[in-house]
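Numbering (my numbering), first residue to last: 3 to 54. This report refers to the structure that appears directly beneath it.
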Amino acid sequence: MGELKRSKVQIFKMRNRTGYAALYQNNITEGRTADQAFERMLKAAKRKAKKQ
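Below, the structure written as structure tokens:
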């Protein structure tokens, strides 16, 4: 898997919670900031690629 670009990850503000969520290929992560949600998505995508 190559480098994950931020433009491919959908990041949005959650209504019923504080913070942001990042969505990419059936993975969703949450973070206090948009940057934190993206960093967590990088780790999740790396784990998923390693698992396959």
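Even for Gly, the Cβ is constructed at its ideal location relative to N, Cα and C.
Residue(s) in a DSSP beta bridge with residue i
i	result
L6	According to DSSP, L6 bridges with nothing at all.
K48	Bridge partners of K48: none, in fact.
Check: residue i C-beta below 8 angstroms from any heavy atom of the ligand SAH
i	result
S9	With respect to the ligand SAH, the structure offers nothing, as it holds no ligand at all.
Contact under 9 angstroms by Cβ, residue i with residue j
i	j	result
T20	R34	yes
F40	A24	yes
T31	M43	yes
Collapsed DSSP secondary structure at residue i in the structure displayed
i	result
Q38	helix
Contact belief for residue i with residue j at Cβ below 8 angstroms, rounded distance in angstroms
i	j	result
I13	A47	At roughly 14 angstroms, the Cβ-Cβ gap does not stay under 8 angstroms, so I13 and A47 are not in contact.
Y58	K45	Only positions 3 to 54 of the chain appear in the structure, and residue 58 is not among them; the question remains open.
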